[in-house]
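Peer 1:
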RNA sequence: GCGCAGGUGGCAGAGUGGUCAAUUGCAUCAGACUGUAAAUCUGACGCCUCCGGGCUACGAAGGUUCGAAUCCUUCCCUGCGCA
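As structure tokens, then:
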């Protein structure tokens, strides 16, 4: 399934290919998030034009949205009109956090930004799985059901159902949650049908070294097809966590860093031996008015772009930049709530991150990853 | 010229005797967003501040009142209608 083409001489970075029945993914690669089997405001053609090779959809949200229709669901590839693009589905484990303690603690999975107002925890976690509350009542999702749903969704790569914890959880809680995630890992392996779908196990453990190592050792020894590293991080702790963990995850299997990230995170991850990433940043932030460039993020809604006749990034080959749409026009569109702005900037951001990964791959193959990393990080403002 | 309606912070527009430095929206400024309940959310937005508060403000000038953006008088200006 996973073929390593080149190992970097100075780090654990590697360039490779993930082979699936839908096609290949060149790694390192960035999965674009399409939660409801749709990348918000971007069409299939636009995704492909923006060099997308990998997409991740969501089990929890699709399960609830499809309801009864799940049994006759045509599969994520047909639904997305992307028969030859590799698609993953997340298990719903992240929603245990995002709808649960993430809300209660008012935090995201990477501690460092501003805290939000605390709100109601919509989950109830038990040994068997998790009760989620929404406007229609309570829904129980556990490891076995997540596997069944993911089989029906038909992605190429699926994830074990885990408990993603909050960065504010203490050691005792993290340890307890880790136990559940490990027990659920077994259930996922047992429940998975014999199909071409590849199942990734997930390492948890928060920011605690012994828990992370214990988890990586434990999950890494199980017969998963690949591994995800999930859960919470401190913004400055991510490199350390990866360092603790990566050693225990078999070299010959692909490693995915769940829900990450930003430019710096990608270089850090690749350097530590990560093959694939996924993050909402390119698409969500695009809809919120932010475009990514080699220098970092710019907020197109700001007044300083009022008269800016330049494209987002000179030399960018994305649809928006290539057709010469200036920042001032995008700004106007955002100001007038024209949805097309979100589409154009989404395309730009997707293209940007996919291109960045492409350059990272090339640099590894040409044995100059470190050099490329340093020059890229230097450009960030 | 007469009649009517108005003049409120960058704009629009509430408020019509005290709890009003003044609701709200827009604009502006700053920030956030990391396995998407987010095309979203948060904060600032008269001036000064030792962050307790202080000062100047609702077209202008007077006046009534313990107290006025709010009431009265005059003036200036705007819109509509009639000449």
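Numbering (this note's numbering), first residue to last: 54 to 434. Even glycine gets a Cβ: it sits at the ideal position worked out from N, Cα and C.
If you drop the 5 nearest sequence neighbours on each side, which residues of the same chain put their C-beta closer than 6 Å to that of residue 244?
Peer 2: Closer than 6 Å at the Cβ level, and outside the excluded window around residue 244, lie 197, 200.
Peer 1: My output table needs one value for residue 195: the three-state DSSP class, helix, strand or coil.
Peer 2: coil
Peer 1: Grab me the residues of residue 254's own chain with a C-beta within less than 6 Å of its C-beta, minus the 5 sequence neighbours each way, in chain order.
Peer 2: 213, 238, 272, 275, 277, 280
Peer 1: For residue 374, does the three-state DSSP call read helix, strand or coil?
Peer 2: helix
Peer 1: May I ask you to report which of helix, strand or coil DSSP gives residue 423?
Peer 2: helix
Peer 1: Can you list, in chain order, the stretches of the alpha helix (DSSP H) that have 4 or more residues and sit fully within the stretch 303-339?
Peer 2: 316-325
Peer 1: Quick check: what's the CA-CA separation for residue 177 versus residue 202?
Peer 2: The alpha-carbon atoms of residue 177 and residue 202 are separated by roughly 20 Å.
Peer 1: For residue 104, count the other beta carbons within 10 Å of its own beta carbon; 16 or more makes it buried, fewer makes it exposed. Which is it?
Peer 2: buried
Peer 1: Is it buried or exposed for residue 80, if we count other Cβ within 10 angstroms and need 16 for buried?
Peer 2: buried
Peer 1: Whole angstroms is fine: what's the gap from residue 147's alpha carbon to residue 371's?
Peer 2: 31 Å
Peer 1: Taking the alpha carbon of residue 210 as the reference point, which residue from 165, 112, 291 has its own alpha carbon closest?
Peer 2: 112
Peer 1: Counting only the same chain and skipping the five closest in sequence on each side, list residues whose C-beta sits under 8 Å from that of residue 336.
Peer 2: 85, 86, 92, 93, 94, 95, 399, 402, 403
Peer 1: Any idea if residue 303 is buried or exposed, counting beta-carbon neighbours within 10 angstroms, 16 or more meaning buried?
Peer 2: exposed
Peer 1: Short check: CB of residue 260 to CB of residue 285, under 8 Å?
Peer 2: yes
Peer 1: What distance in whole Å lies between the Cβ atoms of residue 162 and residue 312, which are believed to be in contact at a cut-off of 8 Å?
Peer 2: 6 Å
Peer 1: Hey, would you say residue 216 sits closer than 8 Å to residue 230, going by beta carbons?
Peer 2: yes
Peer 1: List the endpoints of the continuous beta strand (DSSP E) containing residue 68.
Peer 2: 67-73
Peer 1: In the DSSP assignment, find the beta strand (DSSP E) that holds residue 56 and state where it starts and stops.
Peer 2: 55-60
Peer 1: Mind checking residue 307: buried by the 16 CB within 10 Å criterion, or exposed?
Peer 2: buried
Peer 1: Taking the alpha carbon of residue 296 as the reference point, which residue from 315, 65, 165 has its own alpha carbon closest?
Peer 2: 65
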